[in-house]
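Protein chains in written order, with this note's numbering: chain Y, 519 to 718; chain C, 519 to 718.
A quick write-up on the structure given underneath.
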DNA sequence: CCGCTCATGTAACTGGTTACATGATTTA
DNA sequence: TAAATCATGTAACCAGTTACATGAGCGG
């Protein structure tokens, strides 16, 4: 079966480094994103990273300890991060900073050029469900759009709340929040079209 | 660490069925989506499902055989699908159809009520990268937005191409395509804002 | 002193990925 | 007849998930 035209996002392919040691391993989206967070807010700890991921409206990752701690260890082994242990009273703590190699890999991930997994139609679970609205009894469909509208409003509220917590930070971070809002508006507009299709 | 307010999408939690046999196992997004595809286009084969996933602009999944074949087997074991082997000449073929139990689980997945993973800010790898534009030398940022704009145009073209292939099909499927277009428009508008921020 | 949050990790598991194997059918 | 596609599957692997363990510090 030939491969499709739309590349899959997120997964890291097999490590070619075992065969060609000087070839950089392709990183997963989460790895690269965390690398960016360490660049932006470092020096920081695994716990700090988890808190940032958790606070963010992006629901792609759970920010679970089982993901983040080994991930930072991997990035340190690969030389993209430099970690150091420190003691705060009786408390051990491990802080990470980005290395020059890490920064160059971060820049390569950001682009340009954009990797082929960087641009795609974003996955939206609401859209997936809407695709099968025909499977619902016709009488239930209006209730679905109502529920979807309410849920979108709720998400919008949370995004606005979150955007207030990042006042005065990096202008690009703010623009990203703005994108979340624009996206939600587009989805709300689409829901309106969907409602009128159902009433017909 | 307390759990965040934004639930993670896509993963299926541990099977509670081993403890309470009458409790339905929570399905992953892919499982539910494929269930929907079988409902919509069934009776169909694993290969047919793969082709549909591959043709679709959604890049969440690779439609790999290693994902789809075991998935259909799982759904059949769970009683959501009914499969039957048939022979076309010398060729064996396995076709699946949705069962009444499968349809009720599909409806439960669609909602209402919407599950807490159904509505979220969609994950967008382009947005993730934009968040860290500050890590690029200032002179490279305009090139990034140019590349992003070109890539979005390209995706838009492919989505329009795809939407032409589904002429005359289910109206909800068409609306879903429409949503993809609206989303891309919103992202293009956002890029414009981003460009003016960078020129400043 | 109890419970909550801070903080660092490990262990078991699993869904989906890449890669491979096999053979039938169609097309150049 | 060679190459491409149709079609069904399996095997090894791995990133990220859930769940657990451990202990420090802190407020009531």
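Every residue, glycine too, gets a C-beta built ideally from N, C-alpha and C.
Keep in mind that this is a model prediction, so the values were computed, not measured.
For residue i, the first and last residue of its enclosing alpha helix (DSSP H)
i, result
"residue 612 of chain Y", "Note, residue 612 of chain Y: premise wrong, no alpha helix (DSSP H); beta strand (DSSP E) at 609-616."
"residue 669 of chain C", "659-682"
"residue 584 of chain C", "583-595"
"residue 692 of chain Y", "689-717"
"residue 554 of chain C", "547-559"
Neighbour flag for residue i against chain C, beta carbons, 8 Å
i, result
"residue 558 of chain Y", "yes"
"residue 710 of chain Y", "no"
"residue 620 of chain Y", "no"
"residue 645 of chain Y", "yes"
"residue 683 of chain Y", "no"
"residue 591 of chain Y", "no"
"residue 641 of chain Y", "yes"
"residue 701 of chain Y", "yes"
"residue 578 of chain Y", "yes"
"residue 547 of chain Y", "yes"
"residue 800 of chain Y", "Limits of chain Y in this structure are 519 at one end and 718 at the other, which puts residue 800 of chain Y out of reach."
"residue 566 of chain Y", "no"
"residue 617 of chain Y", "no"
"residue 604 of chain Y", "no"
"residue 717 of chain Y", "no"
"residue 706 of chain Y", "no"
"residue 609 of chain Y", "no"
"residue 652 of chain Y", "yes"
"residue 656 of chain Y", "no"
Closest residue to residue i among the options (Cα-Cα distance)
i, options, result
"residue 551 of chain C", "Y:701, Y:693, Y:696 and Y:651", "Y:651"
"residue 616 of chain C", "C:601, C:682 and C:566", "C:601"
"residue 690 of chain Y", "C:618, C:667, C:653 and C:594", "C:653"
"residue 643 of chain Y", "C:628, C:664, C:657 and C:644", "C:628"
"residue 545 of chain C", "C:579, C:687, C:562 and C:598", "C:598"
"residue 659 of chain Y", "Y:718, Y:639 and Y:607", "Y:718"
"residue 590 of chain Y", "Y:574, Y:620 and Y:676", "Y:620"
"residue 549 of chain Y", "Y:561, Y:639, Y:574 and Y:596", "Y:596"
"residue 664 of chain C", "C:639, C:700 and C:706", "C:706"
"residue 611 of chain C", "C:626, C:587 and C:592", "C:587"
"residue 622 of chain C", "Y:655, Y:594 and Y:568", "Y:655"
"residue 716 of chain C", "Y:562, Y:561, Y:608 and Y:688", "Y:688"
"residue 543 of chain C", "C:592, C:686, C:618 and C:581", "C:592"
"residue 672 of chain C", "Y:681, Y:632, Y:585 and Y:584", "Y:632"
"residue 635 of chain C", "Y:573, Y:556 and Y:579", "Y:579"
Those residues which DSSP pairs with residue i across a bridge
i, result
"residue 576 of chain Y", "C:639"
"residue 622 of chain C", "None, per the DSSP bridge assignment."
"residue 646 of chain Y", "Bridge partners of residue 646 of chain Y: none, in fact."
"residue 603 of chain Y", "Y:612"
Whole-angstrom C-beta distance between residue j and residue i, which should lie under 8 Å
i, j, result
"residue 637 of chain C", "residue 571 of chain Y", "Contact flag wrong, Cβ pair sits at about 19 Å."
"residue 495 of chain Y", "residue 648 of chain C", "One cannot answer for residue 495 of chain Y here, as it falls past the ends of chain Y, which runs 519 to 718."
"residue 576 of chain Y", "residue 641 of chain C", "6 Å"
"residue 709 of chain Y", "residue 674 of chain Y", "Incorrect: roughly 12 Å between the Cβ atoms, too far for contact."
"residue 693 of chain C", "residue 712 of chain Y", "6 Å"
"residue 613 of chain Y", "residue 604 of chain Y", "6 Å"
"residue 558 of chain C", "residue 645 of chain Y", "Going by Cβ atoms, the distance from residue 558 of chain C to residue 645 of chain Y rounds to 15 Å, so no, they are not a contact pair."
"residue 704 of chain C", "residue 704 of chain Y", "4 Å"
"residue 677 of chain Y", "residue 639 of chain C", "6 Å"
C-beta neighbour in chain Y for residue i, strict 8 Å
i, result
"residue 596 of chain C", "no"
"residue 552 of chain C", "no"
"residue 649 of chain C", "yes"
"residue 714 of chain C", "no"
"residue 719 of chain C", "Because chain C in this structure spans residues 519 to 718, residue 719 of chain C falls outside the shown range and cannot be described."
"residue 544 of chain C", "no"
"residue 588 of chain C", "no"
"residue 628 of chain C", "yes"
"residue 670 of chain C", "yes"
"residue 540 of chain C", "Because residue 540 of chain C sits at a pLDDT of 44, beneath the cut-off of 50, its placement in the model cannot be relied upon, and the following sentence gives the value as read from the coordinates. Cβ-Cβ to chain Y under 8 Å: no for residue 540 of chain C."
"residue 675 of chain C", "no"
"residue 570 of chain C", "no"
"residue 585 of chain C", "no"
Extent of the continuous beta strand (DSSP E) run through residue i
i, result
"residue 543 of chain Y", "Unbroken run through residue 543 of chain Y: none, as it is neither H nor E."
"residue 651 of chain Y", "It is not in any beta strand (DSSP E) - residue 651 of chain Y carries neither H nor E in the DSSP assignment."
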